[in-house]
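Sequential numbering from 13 applies to the sequence shown in this note's numbering.
The C-beta atom is built at its ideal place from N, Cα and C for all residues, glycine as well.
Presented below is the structure to which this report refers.
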Amino acid sequence: MIIRKEIKDDNELYLFFNGKLIYKRWLNLGYGKVFDIHAFGKYTDYSITDFDLDETPELIHVKAKLKIISTENGGRKTGIKSGYRPNHVFEYQSNGQFKYAYMGDIQFDQNEWIMPGETKEVLVRFLSRQPIDEYMDIGRKWWIHEGPNKIGEAEITGIELPKSE
13 MIIRKEIKDD NELYLFFNGK LIYKRWLNLG YGKVFDIHAF GKYTDYSITD
63 FDLDETPELI HVKAKLKIIS TENGGRKTGI KSGYRPNHVF EYQSNGQFKY
113 AYMGDIQFDQ NEWIMPGETK EVLVRFLSRQ PIDEYMDIGR KWWIHEGPNK
163 IGEAEITGIE LPKSE
């Protein structure tokens, strides 16, 4: 397994897995695109931008009702805890592939887990420098993925957009 990172002169980051492009990030725009969701979801544990660093762009805070799909219905075998960073999918293509995987982490009480089959109110923090604004409407539903596997769904119950400078 060979993972290679390359940053081009036009401020673009490329990640290759065994010679195949799996991820591209436009550093000056703050968003990226996953080209091979199977390799990206399986072999990378951390997102390119860490949500807890000083350089992190402003975040959009979304209050949501999150339901984790039960194990019997194809969901996870274990629960999730605060800080979990899955792929957030708002729209699918006609062939069933998702159009774009958005970066966001799920926050809730530190000592609490959300187990398969449970529904809880959570806070989802999305990076503001990704093309996500069109989906920010109360009542909007989206899906939570681990690579190609759908493991949950969420519905926006409240939104706090970043403050303009």
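Under 8 angstroms by Cβ, that's how I've got residue i and residue j pegged, so tell me the actual separation to the nearest angstrom.
| i | j | result |
| --- | --- | --- |
| K36 | E24 | 6 angstroms |
| E158 | K79 | In fact, because the Cβ distance is near 15 angstroms, the residues do not count as touching under 8 angstroms. |
| K89 | T83 | 5 angstroms |
| I144 | I72 | 7 angstroms |
| F138 | G108 | Going by Cβ atoms, the distance from F138 to G108 rounds to 24 angstroms, so no, they are not a contact pair. |
| F102 | W154 | 5 angstroms |
| F28 | I19 | Actually they do not touch by this definition, with Cβ atoms about 12 angstroms apart. |
Could you spell out where the beta strand (DSSP E) holding residue i opens and where it closes?
| i | result |
| --- | --- |
| R137 | 131-139 |
| A76 | 71-80 |
| D117 | 114-119 |
| R16 | 15-20 |
| I150 | Premise fails: I150 is in no beta strand (DSSP E) and is neither H nor E. |
| E103 | Counting along the chain, E103 falls outside any beta strand (DSSP E), and DSSP gives it neither H nor E. |
| D28 | The sequence shown places Phe at residue 28, rather than the Asp named in the question. Its beta strand (DSSP E) spans residues 24-29. |
| T169 | 161-172 |
| R37 | 32-38 |
Can the beta-carbon of residue i be found closer than 8 angstroms to that of residue j?
| i | j | result |
| --- | --- | --- |
| I81 | K162 | yes |
| V74 | I168 | yes |
| Q142 | Y114 | yes |
| K93 | Y104 | no |
| I14 | N30 | yes |
Hey, out of the options, whose CA is closest to residue i's CA?
| i | options | result |
| --- | --- | --- |
| D121 | E133, Q142, M115 | E133 |
| G91 | E70, G170, T131 | T131 |
| Y147 | P160, G170, S94 | G170 |
| E70 | I15, G129, S140, I34 | S140 |
| V136 | Q119, I14, F28 | Q119 |
| G129 | S106, G86, D21, V46 | G86 |
| P98 | D22, E124, E172, P160 | P160 |
| V46 | H100, D21, S106 | H100 |
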